[in-house]
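> Numbering (the UniProt record's numbering), first residue to last: 1 to 176. Note that CB positions come from ideal geometry on N, CA and C, so glycine has one too. On a predicted model such as this, the values are computed, not experimentally measured, just so you know.
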Amino acid sequence: MRHFIAVELPPEPTINDKCVRKRLKNSVCDSCSQTCPVGAISLGVMRASIDNQICYQCGNCLFVCPVDAIENITPHEHTYHNHHLIINHDEPLASVEELLVWHKQYAINGMEIIEPLIDKWLPVLAALNLKLQTLQEPVWQLIIAPSPEVDNGRRLMFFRQKLDEKPLNKGGAVLD
Numbered sequence: 001m002r003h004f005i006a007v008e009l010p011p012e013p014t015i016n017d018k019c020v021r022k023r024l025k026n027s028v029c030d031s032c033s034q035t036c037p038v039g040a041i042s043l044g045v046m047r048a049s050i051d052n053q054i055c056y057q058c059g060n061c062l063f064v065c066p067v068d069a070i071e072n073i074t075p076h077e078h079t080y081h082n083h084h085l086i087i088n089h090d091e092p093l094a095s096v097e098e099l100l101v102w103h104k105q106y107a108i109n110g111m112e113i114i115e116p117l118i119d120k121w122l123p124v125l126a127a128l129n130l131k132l133q134t135l136q137e138p139v140w141q142l143i144i145a146p147s148p149e150v151d152n153g154r155r156l157m158f159f160r161q162k163l164d165e166k167p168l169n170k171g172g173a174v175l176d
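1. So the beta strand (DSSP E) His81 belongs to, where does it begin and stop?
2. Apply the 10 Å Cβ neighbour rule to Thr35 and answer buried if 16 or more other Cβ atoms are within range, or exposed otherwise.
3. Rounded to whole angstroms, how far is the Cβ of Thr79 from the Cβ of Ile86, which I believe are closer than 8 Å?
4. Can you tell me which of Ile41, Val45 and Ile15 puts its alpha carbon nearest to the alpha carbon of Lys25?
5. Grab me the residues of Ser49's own chain with a C-beta within less than 6 Å of its C-beta, minus the 5 sequence neighbours each way, in chain order.
6. Relative to the C-alpha of Glu98, which candidate in Pro75, Pro148 and Val20 has its C-alpha closest?
7. Identify the continuous beta strand (DSSP E) that holds Glu112 and give its terminal residues.
8. Determine, using beta carbons only, whether Ser33 and Asn60 come nearer to each other than 8 Å.
9. Helix or strand or just coil, what does DSSP make of Arg23?
10. Checking 8 Å against the spacing of the C-beta atoms, do Pro13 and Glu77 come in under that value?
Here it is in structure tokens:
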């Protein structure tokens, strides 16, 4: 007899009936499909749907939908402190729209980024600041945080182990 473990999968992302594409025949709203990096959102007359086979739930569509019609997608969690978004590990890039939400909801006005990740996040910060200028809002400041220290003691311990290892005697000869 085989036993199976019951696993509940999270609900699949959907577009609910608030969507203007589903309510208005002549709607031209395509914000969600334009921002989807993989083209998982398809639109038609009186219909909108998400292809869950290719959607990887980045959350970009959440921040551009004007009627909040997208369900069952959780945006990536970010950390903030003293009105600064903290980027201290390699995480997915946020969209400009997501950062605008952070700006309005949490009064975020800057980014604290560790040095190796600056090149990755700088274009997003620049695009955000251009958008904030057009909205006549204060631009975000960039704070470069020092990289976390590497534990060189453990690294040295592993290196010494490697030096102390004796070569394997595969041929049966006596080594001194």
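The answer reads as follows:
1. Its beta strand (DSSP E) spans residues Thr79 to His81.
2. buried
3. 4 Å between Cβ atoms; contact.
4. Val45
5. Ser42
6. Pro75
7. Gly110 to Ile114
8. Judged by their CB atoms, Ser33 and Asn60 are not nearer to each other than the 8 Å cut-off.
9. helix
10. no
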